[in-house]
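Under the numbering used here, think of the first position of the sequence shown as 47, with each following residue one higher. Note that CB positions come from ideal geometry on N, CA and C, so glycine has one too. These figures come from a predicted structure and were not determined experimentally. Notes to accompany the following structure.
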Amino acid sequence: MPAFPFSAIVGQEAMKTAMILTAVEPRLGGVLVFGDRGTGKSTAVRALAALLPPITVLRGCPVNAASRADSPDWAGIETEETETRPTPVVDLPLGVTEDRVTGALDIERALVHGEKAFQPGLLARANRGYLYIDEVNLLEDHVVDLLLDVAQSGENLVERDGLSIRHAARFVLVGSGNPEEGELRPQLLDRFGLSVEVRSPTDIEERIEVIRRRDAFETDPDGFLARWQPEDARVRDGILAARARLASVETGDTALRDAAALCLALGSDGLRGELTLIRAARALAAFEGSDAVDRPHLARVAPIALAHRLRRDPLDEAGSTTRVERMAAEVLG
47 MPAFPFSAIV GQEAMKTAMI LTAVEPRLGG VLVFGDRGTG KSTAVRALAA
97 LLPPITVLRG CPVNAASRAD SPDWAGIETE ETETRPTPVV DLPLGVTEDR
147 VTGALDIERA LVHGEKAFQP GLLARANRGY LYIDEVNLLE DHVVDLLLDV
197 AQSGENLVER DGLSIRHAAR FVLVGSGNPE EGELRPQLLD RFGLSVEVRS
247 PTDIEERIEV IRRRDAFETD PDGFLARWQP EDARVRDGIL AARARLASVE
297 TGDTALRDAA ALCLALGSDG LRGELTLIRA ARALAAFEGS DAVDRPHLAR
347 VAPIALAHRL RRDPLDEAGS TTRVERMAAE VLG
């Protein structure tokens, strides 16, 4: 069955905004979506990937390289021909082995042909796309450490079984999970540029509309897709236009000062909060056709860029998102 249309997702505006911003600016570092089961977390990821235009890759390249110059030598690609592929969305399952993630020696070729060859892993398939981890808070520590290294460098390095292999591994990391099933390691939490808390809708009319649209999609997928295709096309065109506009969006000293003042007031550690806040605000400005980042842009992205970076405050019973919204109103006006 095809992916559910992105534009047809009811509510969950913060989640959809975060997904769009990562499509405009991949350097944001991905999205963490925490919340109840059945709130459309995985649906949104697949819907966005289906919405995005296909990527141009070197024919037969296992790492989705755009040209022969970008394709690693071990891939053995000799053609200059290219082809289009859908934006990759790769699932990283719980319990996955390190070899499956990074790649390893191709045992079949070693045994049958006596050749030492590399079999690419999930990171190769995810290059230039999305790596999706459901129940990310339950991921094993050694895999978390591996992902941290690759997310930082943008490159996968494999040195084992007599192999020394490297290839590009630049992807948008999307994780989802239920906070009741365990906390996320701080090191990994900080790597997600944006975070969103999603909850089941409490408005009865909204719940009815969710059921109505899902039932219509499952009953007549083609008809439902045709109905929502124009709206999805509008979002796609907006993302492409924002990518082209992004570099020209001005981020003045006032915006930089506002971002620093907000992060200082919230007590966020390090400078990653400011960098993410500015990048997210610039992506939002580009998507909305603005020429410069202003305070409303910063205020709107502050909750999804900063809420997961706050220290716990035992004296403040408000959630982290509420704390960011409250401080943003005070600092930004």
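Residues of its chain near Arg-355, where Cβ-Cβ distance is below 6 Å and the 5 sequence neighbours each way are ignored: The count along the sequence shown starts at 1 and reaches residue 355 at position 309. Taken in chain order, the residues that qualify are Ser-314, Gly-319.
Segment contact flag, the region 220 to 229 with the region 74 to 81, C-beta cutoff 8 Å, min 3 pairs: Yes, the region 220 to 229 is in contact with the region 74 to 81.
Validate contact between the region 280 to 297 and the region 63 to 74 using beta carbons, cut 8 Å, 3 pairs: Enough Cβ pairs lie closer than 8 Å, so yes.
Local conformation of Gln-165 per DSSP, three classes: As a position in the sequence shown, residue 165 is number 119, starting the count at 1. In this structure, Gln-165 counts as strand in the three-state DSSP scheme.
7 Å Cβ cutoff, Val-218 in contact with chain B: The structure shown contains no chain B; it is built from a single protein chain.
Cβ separation of Trp-57 and Glu-252, assumed to be a contact under 8 Å, to the nearest whole Å: Numbered from 1 along the sequence shown, position 11 holds the residue referred to as residue 57. Numbered from 1 along the sequence shown, position 206 holds the residue referred to as residue 252. Sequence inspection shows Gly at residue 57; the Trp mentioned does not correspond to that position. Your pair Gly-57 and Glu-252 checks out as a contact, with CB atoms roughly 6 Å apart and the cut at 8 Å.
Test item: CB-CB of Thr-322 and Gly-239 under 7 Å: Residue numbering aside, residue 322 sits at position 276 when the sequence shown is read from its first letter. Residue numbering aside, residue 239 sits at position 193 when the sequence shown is read from its first letter. In this structure, the beta-carbon distance from Thr-322 to Gly-239 falls below 7 Å.
Sufficient close CB pairs (3 or more, under 8 Å) joining the region 258 to 276 to the region 339 to 356: No: fewer than three Cβ pairs fall under 8 Å.
Identity of the residues DSSP links to Thr-130 by a beta bridge: Locating residue 130 in the sequence shown gives position 84, where the first residue counts as 1. Thr-130 is bridged to Thr-102.
Under the three-state DSSP convention, the category Gly-10 falls into: The structure shown does not extend to residue 10, since the chain is modelled only from 47 through 379, so no value can be given for it.
Buried versus exposed, by CB contacts within 10 Å (16 or more), Pro-100: Residue mapping note: residue 100 aligns to position 54 of the sequence shown, counting from 1. Pro-100 should be labelled exposed.
Ala-111 to Val-281 span [Cα, whole Å]: In the sequence shown, counting from the first residue as 1, residue 111 sits at position 65. In the sequence shown, counting from the first residue as 1, residue 281 sits at position 235. Ala-111 and Val-281 have their C-alpha atoms some 26 Å from each other.
Residue from Ala-375, Arg-114, Val-135, Leu-104 whose Cα sits closest to the Cα of Thr-89: In the sequence shown, residue 89 corresponds to position 43, counting from 1. The candidate whose alpha carbon is nearest that of Thr-89 is Val-135.
DSSP beta-bridge partners of Asn-202: By 1-based counting over the sequence shown, the position of residue 202 is 156. DSSP output for Asn-202 lists His-213 as bridge partner(s).
Neighbourhood of Thr-130 by C-beta distance below 8 Å, restricted to the same chain and skipping five residues each side: For the purposes of this step, residue 130 is taken as the residue at position 84 of the sequence shown. Pro-100, Ile-101, Thr-102, Val-103, listed in sequence order.
Beta-carbon gap between Ala-329 and Val-147 smaller than 7 Å: The residue labelled residue 329 in the question sits at position 283 within the sequence shown. The residue labelled residue 147 in the question sits at position 101 within the sequence shown. One thing to note: Ala-329 has its Cβ no nearer than 7 Å to the Cβ of Val-147.
Cβ shell of Gly-167 (< 6 Å), same chain only, five flanking positions each side left out: As a first step, residue 167 must be located in the sequence shown, where it is residue number 121. The residues are Arg-146, Val-147, Thr-148, Gly-149.
Identity of the residue in Val-142, Ile-324, Pro-225, Leu-184 nearest Ala-301 by Cα: The count along the sequence shown starts at 1 and reaches residue 301 at position 255. Distance check between Ala-301 and each of Val-142, Ile-324, Pro-225, Leu-184 places Ile-324 closest, using alpha-carbon atoms only.
Residue interval of the beta strand (DSSP E) (run including Val-244): Taking the sequence shown and counting its residues from 1, the one referred to as residue 244 is at position 198. Bounds of the beta strand (DSSP E) holding Val-244 are 240 to 244.
Three-state class that DSSP yields for Glu-296 in the structure shown: Here residue 296 refers to the residue found at position 250 when the sequence shown is read from its first residue. Strand.
Collapsed DSSP secondary structure at Ile-257 in the structure displayed: Within the sequence shown, numbered from 1, the residue matching residue 257 stands at position 211. Helix at Ile-257.
Own chain, CB closer than 8 Å to Arg-216, minus 5 neighbours either side, in chain order: For the purposes of this step, residue 216 is taken as the residue at position 170 of the sequence shown. If we look at Arg-216 and ignore the five residues flanking it on each side, its Cβ neighbours are Pro-72, Asn-173, Arg-174, Gly-200.
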